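In the working numbering, the protein residues as written are 4 to 502. Structure first, commentary second.
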Amino acid sequence: MNMKIKLPDIGIEEMKVTDILVKKGDKIHKEDSIIVIEGEKTSMEIPSTENGIITNIKVSIGDIVHTGSIILELNNNISTINNYTNIISDDVKDKISDIYLINKIIVPNIDYDGSMKIIKIFVKKGDKVYKNNPLVTLENNKNNFNIISLYDGFIKKIIIKIGDDVKSGDNIMLISTIASENIKKDNINVNSLLNINNIITNNSIHASPSVRKIARKLNINLLNVIGSGNKKRILKEDLLKYISINNNQKNISNISLSFTSDFFQKFGKIEQKEMNQIQKMSAKNLTKNWKNIPHVTQHIEADITVLESFRIQKNNELNKKNKNIKITLLSFLIKICANALKKYPIFNSSLLDNKKIILKKYYNIGIAINTDKGLLVPVIFDLMNKNIIDISRELVLLSNKAKSGKLIPSDMQGGCFTLSNLGNKTGSFFTPIINSPEIAILGISQANIKPFWNGKKFIPHLLLPLSLSYDHRVINGVEAIIFLNYICDLISDIRNLLM
Numbered sequence: 004m005n006m007k008i009k010l011p012d013i014g015i016e017e018m019k020v021t022d023i024l025v026k027k028g029d030k031i032h033k034e035d036s037i038i039v040i041e042g043e044k045t046s047m048e049i050p051s052t053e054n055g056i057i058t059n060i061k062v063s064i065g066d067i068v069h070t071g072s073i074i075l076e077l078n079n080n081i082s083t084i085n086n087y088t089n090i091i092s093d094d095v096k097d098k099i100s101d102i103y104l105i106n107k108i109i110v111p112n113i114d115y116d117g118s119m120k121i122i123k124i125f126v127k128k129g130d131k132v133y134k135n136n137p138l139v140t141l142e143n144n145k146n147n148f149n150i151i152s153l154y155d156g157f158i159k160k161i162i163i164k165i166g167d168d169v170k171s172g173d174n175i176m177l178i179s180t181i182a183s184e185n186i187k188k189d190n191i192n193v194n195s196l197l198n199i200n201n202i203i204t205n206n207s208i209h210a211s212p213s214v215r216k217i218a219r220k221l222n223i224n225l226l227n228v229i230g231s232g233n234k235k236r237i238l239k240e241d242l243l244k245y246i247s248i249n250n251n252q253k254n255i256s257n258i259s260l261s262f263t264s265d266f267f268q269k270f271g272k273i274e275q276k277e278m279n280q281i282q283k284m285s286a287k288n289l290t291k292n293w294k295n296i297p298h299v300t301q302h303i304e305a306d307i308t309v310l311e312s313f314r315i316q317k318n319n320e321l322n323k324k325n326k327n328i329k330i331t332l333l334s335f336l337i338k339i340c341a342n343a344l345k346k347y348p349i350f351n352s353s354l355l356d357n358k359k360i361i362l363k364k365y366y367n368i369g370i371a372i373n374t375d376k377g378l379l380v381p382v383i384f385d386l387m388n389k390n391i392i393d394i395s396r397e398l399v400l401l402s403n404k405a406k407s408g409k410l411i412p413s414d415m416q417g418g419c420f421t422l423s424n425l426g427n428k429t430g431s432f433f434t435p436i437i438n439s440p441e442i443a444i445l446g447i448s449q450a451n452i453k454p455f456w457n458g459k460k461f462i463p464h465l466l467l468p469l470s471l472s473y474d475h476r477v478i479n480g481v482e483a484i485i486f487l488n489y490i491c492d493l494i495s496d497i498r499n500l501l502m
């Protein structure tokens, strides 16, 4: 019986397929992971809901999937499972191993108009190289930098020599790679294999005619575009991403500024550690937000002397009543910021296409939580209808879910404003990065007792450093300092929340 495995409802409208963990012909069991999907802030494996043999995979890496999307088809007939055999013969596999690709290494566009000099060549003809190995070092009047390999393979030909001048677009080297590493058994056409020459010089660009046409119109060199499709196939989305990131085709995707593992190994032993999926996504989002949003950060110290005394008093009262809850300073700050967003709605907005501002009529705040796997930002919703006790309970719940890996996508969506709390670590002001599509974020540092002049003498006050980063396209400096001062007013006397 043929069964269709569909994407279940995971609380998010659409996700991107980042990995396929099975292939056609695999025997799988219920709860076996079959694909990995990724949203803006989370990644998860999707398990099979049935046992059987995979007869067809309906998605590819890079596809956007929704609830109900068909992932794969399988046959759960017992006899089919027991009798299924591999249809690819050994002689076909032998033919595949003889197919090679010759890949050009091109000097990419590095936003430099002049020529660059080859000052070092790391390899020689016949050397085996791996992806990200340095090949040559170039020098211009600004920097030295390495061009690295985009492939695993062997050096077929070195076109340049030390001292040569090169410019963007020049071919400097040929690398031979085995094509069979990129060929799936279920996609093999035996007749076509028999007609393939042993050497193929197509630069290993996998893209449809429509994608190639768009690239030609936009003057994009597809050698510089990293494909996200199956077998690194270049999709339309990859072209859009390339344009967005590189700004008028300024590509430095295969350049590292003289720093590779080989560079560090010259000085001693090193250890390379792979980033986990959450760290990779955080790095990607932080880089995107930092590059695309004009950040400005303003700092202020808030007097929390009275608030801290009040907080301790309330915790003692709750403890006497055997209430299993502890109020933290963060609970007050969340409530205070929600009121500040209501008072100054421009901070509760998002920028749409650099042309329109979306003003939100709801008040949800994200809390950055550090976990063993990386930084996560769950959201506390509907803050106008929650008191300090409610917020304190929800903080504990979300923190436990984050640290145990039980947050779901819907827990991390819908935020209007984010708090990044470093108050339990020694330090002062810092620059938090805005969590797009929000337009501001508040950084909280460790409170310290400092002398405060009351007009007659210095008295000790507990001061809390606050750092507000904001999108300068939407918010100006005067608005930001007014917003910060309003927060300080509420912090200094919590009774102002009642006004």
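Glycine is no exception: its CB is placed at the ideal position from the N, C-alpha and C atoms. Treat the numbers as computed from the prediction; the structure is a model and nothing was measured.
For the alpha helix (DSSP H) that contains residue i, what are its first and last residues?
i	result
Ser371	Checking the displayed sequence, the identity of residue 371 turns out to be Ala instead of Ser. Run containing Ala371: none in the alpha helix (DSSP H); it sits in the beta strand (DSSP E), 368-374.
Lys338	332-346
Leu401	391-406
Ile490	480-495
Please report the distance separating the alpha-carbon of residue i from that of residue j.
i	j	result
Leu332	Ser36	41 Å
Asn424	Thr300	16 Å
Ser431	Leu238	45 Å
Arg236	Ile447	44 Å
Leu493	Pro137	56 Å
Val39	Gly117	44 Å
Ser100	Thr180	In this predicted model, Ser100 has a pLDDT of only 39, less than 50, meaning its place in the structure is not dependable; the value taken from the coordinates is given anyway. Their Cα atoms are separated by approximately 11 Å.
Thr290	Lys326	43 Å
Gly232	Gly418	31 Å
Asp167	Ile122	8 Å
Pro468	Phe313	19 Å
Asp496	Ala443	24 Å
Ile303	Phe433	11 Å
Thr429	Ile383	26 Å
Asp414	Lys364	19 Å
Thr421	Lys317	26 Å
Lys159	Leu225	21 Å
Asn2	Ile161	Not covered by the structure: residue 2. The range shown for the chain is 4 to 502.
Ile178	Met119	22 Å
Ser285	Gly377	8 Å
Taking its Cβ as the centre, do 16 or more other Cβ atoms sit within 10 Å of residue i, making it buried, or is it exposed?
i	result
Ile490	buried
Val132	buried
Arg498	exposed
Ile315	exposed
Asn390	exposed
Gln416	buried
Leu487	buried
Lys338	buried
Ile90	Low confidence applies to Ile90: its pLDDT is 39, below 50, so where it sits in the model is not reliable enough to give any reading.
Glu441	buried
Pro111	buried
Ser470	buried
Tyr361	Residue identity differs from the one stated: residue 361 is Ile in this sequence, not Tyr. Exposed, by the Cβ-count rule.
Asp241	buried
Glu142	exposed
Just curious, the beta strand (DSSP E) that residue i is in, first and last residue?
i	result
Glu526	No statement about residue 526 is possible, as the shown extent of the chain runs from 4 to 502 and does not include it.
Gly446	443-447
Asn318	Unbroken run through Asn318 is the alpha helix (DSSP H), 308-323; no beta strand (DSSP E).
Asp474	461-474
Val39	36-41
Val68	67-69
Gly156	156-161
Asp265	That residue, Asp265, is in no beta strand (DSSP E); its alpha helix (DSSP H) goes 264-268.
Asp22	17-23
Met6	5-9
Thr58	55-60
Pro454	451-456
Should residue i be listed as close to the ligand ZN, given that the test is whether its C-beta is under 7 Å from any heavy atom?
i	result
Ala218	No copy of the ligand ZN appears in this structure; indeed no ligand is present at all.
On the DSSP bridge list, what partners appear for residue i?
i	result
His298	Asp474
Glu48	Val39
Met119	Val169
Asn147	Glu142
Ala218	Paired residue(s): none; Ala218 is not in a bridge.
Leu355	Lys359
Asn174	Ile109
Ser423	Ala371, Gly446
Glu304	Pro468
Gly377	Thr374
What whole-angstrom Cβ distance do residue i and residue j have, given they're in contact under 8 Å?
i	j	result
Ile23	Glu53	The pair is not a contact, with the Cβ atoms about 17 Å apart (cut-off 8 Å).
Gly588	Ile15	Past the edges of the chain, shown from 4 to 502, lies residue 588, and the structure says nothing about it.
Ser51	Ile31	5 Å
Thr525	Lys404	What is shown of the chain runs 4 to 502, which leaves residue 525 out entirely.
Asn59	Met6	With 8 Å as the limit, Asn59 and Met6 do not qualify as a contact, their Cβ atoms being about 11 Å apart.
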